[in-house]
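Student: Residue numbers (this note's numbering): -8 to 175. We put the beta carbon where it would ideally sit given N, CA and C, even for glycine. These figures come from a predicted structure and were not determined experimentally.
(1) Leaving aside the five residues before and after residue 209 along the sequence, list all residues of the same chain whose C-beta is less than 6 Å from its C-beta, in chain order.
(2) Relative to the C-alpha of residue 154, which residue among 81, 160, 58, 12 is closest?
(3) Fully enclosed by the stretch -5 to 25, which beta strand (DSSP E) runs are 3 residues long or longer?
(4) What do you reckon, are the CB atoms on residue 180 and residue 120 nearer than 8 Å?
(5) Check whether the stretch 5 to 19 touches the stretch 66 to 84, taking contact to mean three or more Cβ pairs, one atom from each stretch, closer than 8 Å.
(6) Residues in the same chain with beta-carbon distance under 6 Å from residue 82, minus the five sequence neighbours each way, listed in chain order, please.
(7) Quick check on residue 91: does DSSP put it in helix, strand or coil?
(8) Please name the residue or residues paired with residue 55 in a DSSP beta bridge.
(9) Alpha carbon to alpha carbon, what distance is there between residue 46 and residue 133?
(10) Going by DSSP in three states, residue 32 sits in which element: helix, strand or coil?
(11) Buried or exposed, going by whether 16 or more other CB atoms sit within 10 Å of the CB of residue 172?
(12) Any idea if residue 90 is buried or exposed, counting beta-carbon neighbours within 10 angstroms, 16 or more meaning buried?
(13) Pull the bridge partners of residue 156 from the DSSP assignment, please.
(14) Reducing DSSP to helix, strand and coil, say where residue 69 ends up.
(15) Taking the continuous alpha helix (DSSP H) assigned at residue 75, which residues delimit it?
(16) Considering Cα atoms alone, identify which of 166, 135, 123 is closest to residue 1.
(17) In three-state terms, what does DSSP make of residue 117?
(18) Given that a residue counts as buried once 16 or more other Cβ atoms are within 10 Å of its Cβ, and exposed if not, what is residue 148?
(19) May I ask whether a heavy atom of the ligand ZN can be found less than 7 Å away from the beta carbon of residue 111?
(20) Suppose the cutoff is 6 Å on Cβ atoms and the five residues either side in sequence are ignored; what does the same chain contact list for residue 158 look like?
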């Protein structure tokens, strides 16, 4: 059993790489959570670039979930967590904690603790897809909070996973044996 966190910005190929790690499995459960609202600019950019996800094999099933840890523990096949950023957003949004950053962080920490236990307990392969937040985020405080929480989530999930890959400039970088940074 391996657990892999795949990091890459939108349209980097990170999802395609994550799916390729699971192609040898006949059956895969793709976990999805509530999707973050998409800005008009994001939708227009995707349409201009003509980017759409390649179809997944017919035996792969998509399972919407509100509880990542419970869905992981219930899985009987390899698992693809389609979007860590959407999951982080859904954890905060479900409790309407956008106006209380401390509460939002506490909610996420609890959910990450549960997810880490689930990831370590699973007998099947799991691949999670996430992105590093942009360095500069103009605009809404909700976007800034989400970026901060996503940074925490990526660090915690990377610590719980046996492999960490970054997709950058069309290349896959394996950071699994890279030294870790001690944070406060």
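Tutor: From the atom records:
(1) Since the displayed the chain opens at -8 and closes at 175, residue 209 lies outside it and no answer follows.
(2) Among 81, 160, 58, 12, the Cα nearest to that of residue 154 belongs to 12.
(3) Segments of the beta strand (DSSP E) lying fully in the stretch -5 to 25: 19 to 23.
(4) The question about residue 180 has no answer, for the chain in this structure spans -8 to 175.
(5) The stretch 5 to 19 vs the stretch 66 to 84: in contact.
(6) The residues are 98, 99, 102.
(7) Residue state, collapsed to three classes: coil.
(8) In DSSP, residue 55 forms a bridge with 23.
(9) Using only the alpha carbons, I get a separation of about 32 Å.
(10) For residue 32, the predicted structure reports a pLDDT of 46, less than 50, and the residue's modelled location is therefore unreliable. A value from the coordinates is still provided. In this structure, residue 32 counts as helix in the three-state DSSP scheme.
(11) Result: exposed.
(12) Residue 90 comes out exposed.
(13) DSSP, once it has assigned bridges, lists -3, 165 as partnering residue 156.
(14) Correct three-state label for residue 69: strand.
(15) Counted as a single uninterrupted DSSP element, the alpha helix (DSSP H) harbouring residue 75 occupies residues 75 to 85.
(16) Nearest of 166, 135, 123 to residue 1, Cα basis: 123.
(17) In the three-state DSSP reduction, residue 117 falls in the strand class (E or B).
(18) Of the residues assessed, residue 148 falls on the buried side of the cut-off, its CB having 16 or more other CB atoms within 10 angstroms.
(19) This structure lacks the ligand ZN, and indeed carries no ligand of any kind.
(20) Sequence-distant partners of residue 158 (beyond 5 residues in either direction) whose C-beta falls short of 6 Å from its own C-beta, in its chain, are -1, 3, 4, 5, 8.
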